[in-house]
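2 protein chains.
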Amino acid sequence: MATLADVARHAGVSTATASRIINGSSKPVAEALRERVLAAVAELQYVPNAHAQMLARSNRHAVGVIVHDVSDPYFAEITRGLQRVATKDGRLVIICNSFREPDRELEYIDLLHAHQVAAIVIAGSGYLDSATAARLDERLRAFEATGGRIAVIGRHDHPGDAVLPDNEQGGFLAGEHLFTLGHTRVGVIAGPTALTTTADRLAGLHRAARQYGRELPDHRVVHADFTRDGGAAAAARLIAEQPDLTAIAALNDSMAVGTLAALRTAGRMINVIGFDDMPIARDVTPPLTSVRLSLTELGERAMSLALGEPGDGPRVQRVEAVLVRRDSTWPV
Amino acid sequence: MATLADVARHAGVSTATASRIINGSSKPVAEALRERVLAAVAELQYVPNAHAQMLARSNRHAVGVIVHDVSDPYFAEITRGLQRVATKDGRLVIICNSFREPDRELEYIDLLHAHQVAAIVIAGSGYLDSATAARLDERLRAFEATGGRIAVIGRHDHPGDAVLPDNEQGGFLAGEHLFTLGHTRVGVIAGPTALTTTADRLAGLHRAARQYGRELPDHRVVHADFTRDGGAAAAARLIAEQPDLTAIAALNDSMAVGTLAALRTAGRMINVIGFDDMPIARDVTPPLTSVRLSLTELGERAMSLALGEPGDGPRVQRVEAVLVRRDSTWPV
DNA sequence: AGCCCTGAGGTAAGCGCTTTCCTGGACCTT
DNA sequence: AAGGTCCAGGAAAGCGCTTACCTCAGGGCT
Numbered sequence: 001m002a003t004l005a006d007v008a009r010h011a012g013v014s015t016a017t018a019s020r021i022i023n024g025s026s027k028p029v030a031e032a033l034r035e036r037v038l039a040a041v042a043e044l045q046y047v048p049n050a051h052a053q054m055l056a057r058s059n060r061h062a063v064g065v066i067v068h069d070v071s072d073p074y075f076a077e078i079t080r081g082l083q084r085v086a087t088k089d090g091r092l093v094i095i096c097n098s099f100r101e102p103d104r105e106l107e108y109i110d111l112l113h114a115h116q117v118a119a120i121v122i123a124g125s126g127y128l129d130s131a132t133a134a135r136l137d138e139r140l141r142a143f144e145a146t147g148g149r150i151a152v153i154g155r156h157d158h159p160g161d162a163v164l165p166d167n168e169q170g171g172f173l174a175g176e177h178l179f180t181l182g183h184t185r186v187g188v189i190a191g192p193t194a195l196t197t198t199a200d201r202l203a204g205l206h207r208a209a210r211q212y213g214r215e216l217p218d219h220r221v222v223h224a225d226f227t228r229d230g231g232a233a234a235a236a237r238l239i240a241e242q243p244d245l246t247a248i249a250a251l252n253d254s255m256a257v258g259t260l261a262a263l264r265t266a267g268r269m270i271n272v273i274g275f276d277d278m279p280i281a282r283d284v285t286p287p288l289t290s291v292r293l294s295l296t297e298l299g300e301r302a303m304s305l306a307l308g309e310p311g312d313g314p315r316v317q318r319v320e321a322v323l324v325r326r327d328s329t330w331p332v
Numbered sequence: 333m334a335t336l337a338d339v340a341r342h343a344g345v346s347t348a349t350a351s352r353i354i355n356g357s358s359k360p361v362a363e364a365l366r367e368r369v370l371a372a373v374a375e376l377q378y379v380p381n382a383h384a385q386m387l388a389r390s391n392r393h394a395v396g397v398i399v400h401d402v403s404d405p406y407f408a409e410i411t412r413g414l415q416r417v418a419t420k421d422g423r424l425v426i427i428c429n430s431f432r433e434p435d436r437e438l439e440y441i442d443l444l445h446a447h448q449v450a451a452i453v454i455a456g457s458g459y460l461d462s463a464t465a466a467r468l469d470e471r472l473r474a475f476e477a478t479g480g481r482i483a484v485i486g487r488h489d490h491p492g493d494a495v496l497p498d499n500e501q502g503g504f505l506a507g508e509h510l511f512t513l514g515h516t517r518v519g520v521i522a523g524p525t526a527l528t529t530t531a532d533r534l535a536g537l538h539r540a541a542r543q544y545g546r547e548l549p550d551h552r553v554v555h556a557d558f559t560r561d562g563g564a565a566a567a568a569r570l571i572a573e574q575p576d577l578t579a580i581a582a583l584n585d586s587m588a589v590g591t592l593a594a595l596r597t598a599g600r601m602i603n604v605i606g607f608d609d610m611p612i613a614r615d616v617t618p619p620l621t622s623v624r625l626s627l628t629e630l631g632e633r634a635m636s637l638a639l640g641e642p643g644d645g646p647r648v649q650r651v652e653a654v655l656v657r658r659d660s661t662w663p664v
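So the protein lines, in turn, are chains A and B.
Quick note, in the working numbering, the first sequence goes up one by one and the last residue is 332.
Quick note, in the working numbering, the second sequence goes up one by one and the last residue is 664.
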């Protein structure tokens, strides 16, 4: 590995001068030297050691992002928003997949901390388990104590900057839509029990039920993981056990798509409503009614909070949920 | 920021001892000291500075990944495979989005080089422009010269380890399928002209045409970017200009889905075949016939090559293309 | 009892870079 | 011509950590 010292020697200057030329320091340097140094850089294929630079400059520039899984379209969209803002700001983004494991999340927080990132953005539902939440919180505080910035997306357990999708309201909208269409026997495909996202969306659904005087009994609510196949399996079970359902609310679009598939397999078609309004929603048959959350906006806002001036206290921004009506729901 | 020196002082030991205890060095240390140091670590919330560690140890452990865009499902799948292998090996993965801009790709190569990553994996079509390819190649060689490993996915321009989806064969399979079904007037929605992926898939299609004695004239081939909406626009144009087409081959699934949408809008339905067999393919209507590439396998293999023992020369692995028949194609 | 050996723990030399402070020659001033 | 000013360029002190090497007790040996 060519080092700065090699370049300096090659060009017959001091490392100080070489460094100044390479980094475009404000200090003026004779043209002849500049050329010699640049020539040496080219010849030796010199690439500065980023770690040495970080150490010497001790400026934090990269940002870390922890998501459940980038290859999940939900997080892919959020990540897109995060990247857009970070890139505009000239930041390197380090993406970490926690795969929904709190321990891995913990590890990544320390790892990003160790890498001296300027900020950590955590996207994805928090954990209802309070012991877990407390441990995460402790590590995050340690990071903040060193001047690091934190923004979270979609979890309320951390007392810092946050941007929250209005999951409860979204759940309410989904319920309201189905109930005003006249449905009385509505099944729910919920996400993993441990996630706050599930809890919030479900809460909204229940509020709608109360408001419209309908029932949403436990035996019509099944849990699955937030995937297409999880949704398909759960839906198959639900329609087999409760043949009289006229509608199913799936708490994300992947599961809604799975539900559609299960219905097709079963040779039936009842109302289906999804959540998140992901790109696929309009391309399935029937096109899926869904509750839209602007996922990229979620990402953009979070990154802006994390990179902008720190607020006096924790700032919370909400991203509203909007119902998008398509053809998978209709009046009874 | 608490430093090792702080911890050592706090525990009343030298930094050497503190370092040894924290890193679990093989050197034996008295239990009393160990406890004091660990207590100090906890109290001071000490997190080692990764940059200082890298510098002192000069071991390369992280791996860099450059993809066109993680939020594109194609790359999301590949990334999943990459991550799986890297994580199993206990590596930190740094993901960079080039957004198909060669300059950004160049920048990222240097950035990863600067970060002393152990390996760089580049996923996504190469550039037909040879000046661009040459510049990339130069930077990659510089990285390799310092002992870095490189693996590329889906591009043949770099003379190192590579895993190649058999795009040409895939194109051939798509063409063969349509031609044996009896189609004679086949339209093609191709990807960006500058990408080798486009060129290869198209070449396969042409080979099939020759073999089956069919025509695939230029005016039936339109180019779009590899997105759903790009495909929809291109398809709309194509069916307006060539109303007698009986089939359309889209060179990726996103564009195929767009094609389906365009056909629906136009109130027509003709054969459509996609490419990549992404998860959506089975959930659209009609379920999409497509050419499957095992994207996660592509990723896993590439990462294995990059992390495993270096070969004597460049190693090339091929991932085969397989036709998946669904309902979007049928005999004329 | 004197010696050496052993090994826990400390000292200090880097790792590659940035940046402050210093040097010394060129140029001005009176 | 002597002194002063300026400024390009260099010397060197870190940044926080690891680790080779050294020290110096304590214990076993003859």
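Glycine included, each C-beta is placed from N, C-alpha and C at the ideal position.
Which residue or residues does DSSP assign as beta-bridge partners of residue i?
i: P497 of chain B; result: B:V651
i: L195 of chain A; result: A:Y127
i: R481 of chain B; result: B:A451
i: N23 of chain A; result: DSSP output for N23 of chain A lists no bridge partner at all.
i: N97 of chain A; result: A:V67
i: V324 of chain A; result: A:S290
If you measure from the beta carbon of residue i to each beta carbon in chain B, is any gap under 8 Å?
i: Q116 of chain A; result: yes
i: D129 of chain A; result: no
i: P279 of chain A; result: yes
i: M255 of chain A; result: no
i: E297 of chain A; result: no
i: M303 of chain A; result: no
i: P73 of chain A; result: yes
i: N49 of chain A; result: yes
i: M1 of chain A; result: yes
Return the first residue and the last residue of the beta strand (DSSP E) that residue i is part of.
i: D276 of chain A; result: N271 to D276
i: T621 of chain B; result: T621 to R624
i: A250 of chain A; result: A247 to A250
i: G396 of chain B; result: V395 to V399
How about residue i: is its C-beta nearer than 8 Å to some C-beta of chain A?
i: T347 of chain B; result: no
i: T478 of chain B; result: yes
i: N584 of chain B; result: no
i: P434 of chain B; result: no
i: T617 of chain B; result: yes
i: Q415 of chain B; result: yes
i: R282 of chain B; result: Nothing about residue 282 of chain B can be reported from this structure: the residues present for chain B run from 333 to 664 only.
i: I398 of chain B; result: no
i: R560 of chain B; result: yes
i: L443 of chain B; result: yes
i: L387 of chain B; result: yes
Residue i and residue j: beta carbons closer than 8 Å?
i: A114 of chain A; j: N381 of chain B; result: yes
i: A123 of chain A; j: G148 of chain A; result: no
i: A261 of chain A; j: A232 of chain A; result: yes
i: N252 of chain A; j: H183 of chain A; result: no
i: L128 of chain A; j: I109 of chain A; result: no
i: I22 of chain A; j: I427 of chain B; result: no
i: D609 of chain B; j: Y406 of chain B; result: no
i: S125 of chain A; j: T196 of chain A; result: yes
i: A634 of chain B; j: V518 of chain B; result: no
i: T329 of chain A; j: I273 of chain A; result: yes
i: F179 of chain A; j: R155 of chain A; result: no
i: S26 of chain A; j: L4 of chain A; result: no
Terminal residues of the continuous alpha helix (DSSP H) containing residue i?
i: V41 of chain A; result: E31 to L44
i: R264 of chain A; result: D253 to A266
i: G631 of chain B; result: L627 to L639
i: G563 of chain B; result: R560 to E573
i: V339 of chain B; result: L336 to A343
i: A114 of chain A; result: P102 to A114
i: A522 of chain B; result: Here A522 of chain B belongs to no alpha helix (DSSP H); instead the beta strand (DSSP E) covers V518 to A522.
i: H515 of chain B; result: Counting along the chain, H515 of chain B falls outside any alpha helix (DSSP H), and DSSP gives it neither H nor E.
Can you give the beta carbon distance from residue i to residue j, rounded, assuming they're within the 8 Å contact cut?
i: P310 of chain A; j: P159 of chain A; result: P310 of chain A to P159 of chain A, Cβ: 13 Å. No contact.
i: G503 of chain B; j: A535 of chain B; result: 6 Å
Do residue i and the ligand PLP come close, with the Cβ less than 7 Å from some heavy atom?
i: I189 of chain A; result: Looking at this structure, you won't find the ligand PLP or any other ligand, since it has none at all.
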